[in-house]
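Residue numbers (this note's numbering): 62 to 442. Just so it is clear, CB atoms sit at the ideal spot from N, CA and C, and this is done for glycine as well. What follows is a set of notes on a single structure, which appears directly below.
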């Protein structure tokens, strides 16, 4: 189905039959991103100026051509579209630990996408967005609706909607057994915002987040929601260990289940529940540490709000409190202390063994990360 009549079976109003040209000059790209508050303009802060100094030194002093890299390392540069991305990728390869520490602390807005790409992207996946889906069509209008990139007048479709539709349809084509699932739209939409509207590499990052053993979001959305259930289980156990009073209050006194507050946090990687400025920092940690750092972040967030939650004694009131998370102020600097909740691989293994005694857990998760890639290869067919 061509772009001119894409989704016409679902809506009479049609999305724009074009996307921003890849031949933008730097000035045109900056103007476009500033207008839509995406890319480097997504969340500019006063601290960006100070952060940029150290990153600027890295870019200026790290030249890809100065290093005699082996051929297999050179292949890792296929996704680098700008010189600064080559510099960051080179520094990541040559000084990995220091680079990771910088990303954990939060890259400047101008460099966040390049920093994430340098860590996430390993392979390149085929991108075919032919086809149509009524569910995707409905969900793109429900995605990050408060951001200008996805806001339209008269119920029209924006360029952001078109790009989001392409990415989600491409994902559905790449994983035909899985298809599109609700929650993926938030992940894809957020990648578009951070990337400044880079549709192709937002898609590449999304597929990597689903398929790479470090993230394996595929299992967040498969028919049994195995990763979702496992992450909920881990979070509950970690809450019981680190915040026992809060655990007792939520689960014993209020009897408030994970499905009422934690499920959407996991399925959308915080995007449904929190302001974008905070999600950027949550994602900095997840990009660096992997999906099993998510429980650590949740525990740290709950720790900040523990005093508020403990004075709530009615089920309806705690439900209302969790629904207002997107209006609350977080101390993101305290996230650096979340490392004390960080799970080691042997702890993940112990939790997997314990969880599998209660509910079925596929071998790919029980033996994380061994064996996962074979399962995902089969999932493509």
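- Message: Mapping the DSSP letters down to three states, classify residue 219 as helix, strand or coil.
- Response: Residue state, collapsed to three classes: coil.
- Query: Would you call residue 159 buried or exposed, if buried means 16 or more other Cβ atoms sit within 10 Å of its Cβ?
  - Reply: In the assembly as shown, residue 159 is an exposed residue. Its beta-carbon has fewer than 16 other beta-carbons within 10 Å.
- Which of helix, strand or coil DSSP assigns to residue 164: Residue 164: helix per DSSP, three-state reduction.
- Nearest to residue 301 by CA position, among 89, 281, 360 and 398, is which residue? Measuring from the Cα of residue 301, the nearest candidate turns out to be 360.
- Item | Cut-off 6 angstroms between Cβ atoms - residues of its own chain near residue 179, not counting five sequence neighbours on either side | Listed in chain order, the non-local C-beta contacts of residue 179 below 6 angstroms within the same chain comprise 149, 150 and 153, local neighbours out to five positions each way being set aside.
- Task: Confirm, please, whether the CB-CB distance from residue 173 to residue 346 is below 8 angstroms.
- Result: The Cβ atoms of residue 346 and residue 173 lie no closer than 8 angstroms to each other.
- Message: Rounded to whole angstroms, what is the Cα-Cα separation between residue 358 and residue 396?
- Response: Looking at the two C-alpha atoms, the distance is approximately 7 angstroms.
- Which class does residue 242 belong to by DSSP, given the choice of helix, strand or coil? Assigned with DSSP and collapsed to three states, residue 242 falls in coil, not helix or strand.
- Query: Roughly how many angstroms separate the alpha carbons of residue 443 and residue 411, rounded to a whole number?
  - Reply: Residue 443 is absent from the structure shown; the chain starts at 62 and stops at 442.
- Query: Excluding the five sequence neighbours on either side, which residues of its own chain have a C-beta within less than 7 angstroms of the C-beta of residue 186, listed in chain order?
  - Reply: 235, 265 and 268, listed in sequence order.
- Item | Where residue 392 sits in the DSSP three-state scheme | For residue 392, the three-state secondary structure derived from DSSP is coil.
- Task: Using beta-carbon positions only, say whether residue 370 and residue 323 come within less than 8 angstroms of one another.
- Result: Their beta carbons are not under 8 angstroms apart, which means residue 370 does not touch residue 323 by this criterion.
- Task: Measure how close the beta-carbons of residue 391 and residue 362 come, nearest whole angstrom, since I'm counting them as under 8 angstroms.
- Result: About 7 angstroms; that satisfies the 8 angstroms criterion.
- Message: I believe residue 167 touches residue 342 by the beta-carbon criterion, under 8 angstroms. Please report the beta-carbon distance rounded to the nearest angstrom.
- Response: The C-beta separation of residue 167 from residue 342 comes to about 6 angstroms, placing the pair in contact by the 8 angstroms criterion.
- Separation of residue 354 from residue 274, as counted between CA atoms: Cα-Cα distance, rounded: 13 angstroms.
- Message: Mapping the DSSP letters down to three states, classify residue 418 as helix, strand or coil.
- Response: Correct three-state label for residue 418: coil.
- Excluding sequence positions up to five away, which residues of its chain have a Cβ less than 7 angstroms from the Cβ of residue 334? Correct list, in chain order: 325, 326, 386 and 387.
- Message: I'd like the span of the alpha helix (DSSP H) that includes residue 191, first residue to last.
- Response: Neither: residue 191 is in no alpha helix (DSSP H) and is coded neither H nor E.
- Run the CB neighbour count on residue 204, radius 10 Å, all protein chains shown included, and call it buried at 16 or more, exposed below. With 16 or more other CB atoms across the displayed protein chains lying within 10 angstroms of its CB, residue 204 is buried.
- Message: Across the stretch 197-214 and the stretch 236-254, are there enough close Cβ pairs to call them in contact, namely three or more that are closer than 8 angstroms?
- Response: Yes: the two stretches touch, three or more of their Cβ pairs being nearer than 8 angstroms.
- Proximity below 8 angstroms, CB of residue 348 to CB of residue 181: Yes, these two residues count as a Cβ contact at 8 angstroms.
- If we count the other Cβ atoms within 10 Å of its Cβ and call it buried at 16 or more, is residue 141 buried or exposed? Residue 141 comes out buried.
- Message: Quick check on the burial criterion: 16 or more other C-beta atoms within 10 angstroms. Buried or exposed for residue 280?
- Response: Per the 10 Å Cβ criterion, buried.
- Item | Residues near residue 229 by beta carbon distance below 8 angstroms, same chain, minus five either side | Contacts found: 194, 197, 200, 201, 241, 245, 246 and 249.
- Message: One question on the structure: do residue 105 and residue 170 come within less than 8 angstroms of each other, judged by their Cβ atoms?
- Response: A Cβ-Cβ contact shorter than 8 angstroms links residue 105 with residue 170.
- Along the alpha helix (DSSP H) that carries residue 359, what are the first and last residues, could you check? Its alpha helix (DSSP H) spans residues 355-371.
- May I ask you to report which of helix, strand or coil DSSP gives residue 292? In this structure, residue 292 counts as helix in the three-state DSSP scheme.
- Query: The alpha helix (DSSP H) with residue 96 in it runs from where to where?
  - Reply: Boundaries of the alpha helix (DSSP H) around residue 96: 87-97.
- Closer than 7 angstroms by C-beta to residue 290: which residues in its own chain qualify, once you throw out the five before and the five after it? Chain order, please. Closer than 7 angstroms at the Cβ level, and outside the excluded window around residue 290, lie 420.
- Task: State buried or exposed for residue 66, treating a residue as buried only when at least 16 other CB atoms are found within 10 Å of its CB.
- Result: Note that residue 66 has pLDDT 41, beneath the 50 cutoff, so the model's placement of it is unreliable and no number is given.
- DSSP state of residue 209, grouped into three classes? Three-state DSSP puts residue 209 in a helix.
- Item | Pair within 8 angstroms by beta-carbon distance, residue 94 and residue 102 | Taking 8 angstroms as the Cβ cut-off, residue 94 and residue 102 qualify as a contacting pair.
- Item | Short Cβ contact (8 angstroms threshold) for residue 189 with residue 231 | Contact flag set, yes.
- Item | Closest residue to residue 403 among 258, 270, 296 and 313 (Cα-Cα distance) | The residue with the shortest Cα to Cα distance from residue 403 is 296.
- Query: Which residues bound the alpha helix (DSSP H) around residue 352?
  - Reply: Careful: residue 352 lies outside any alpha helix (DSSP H) and carries neither H nor E.
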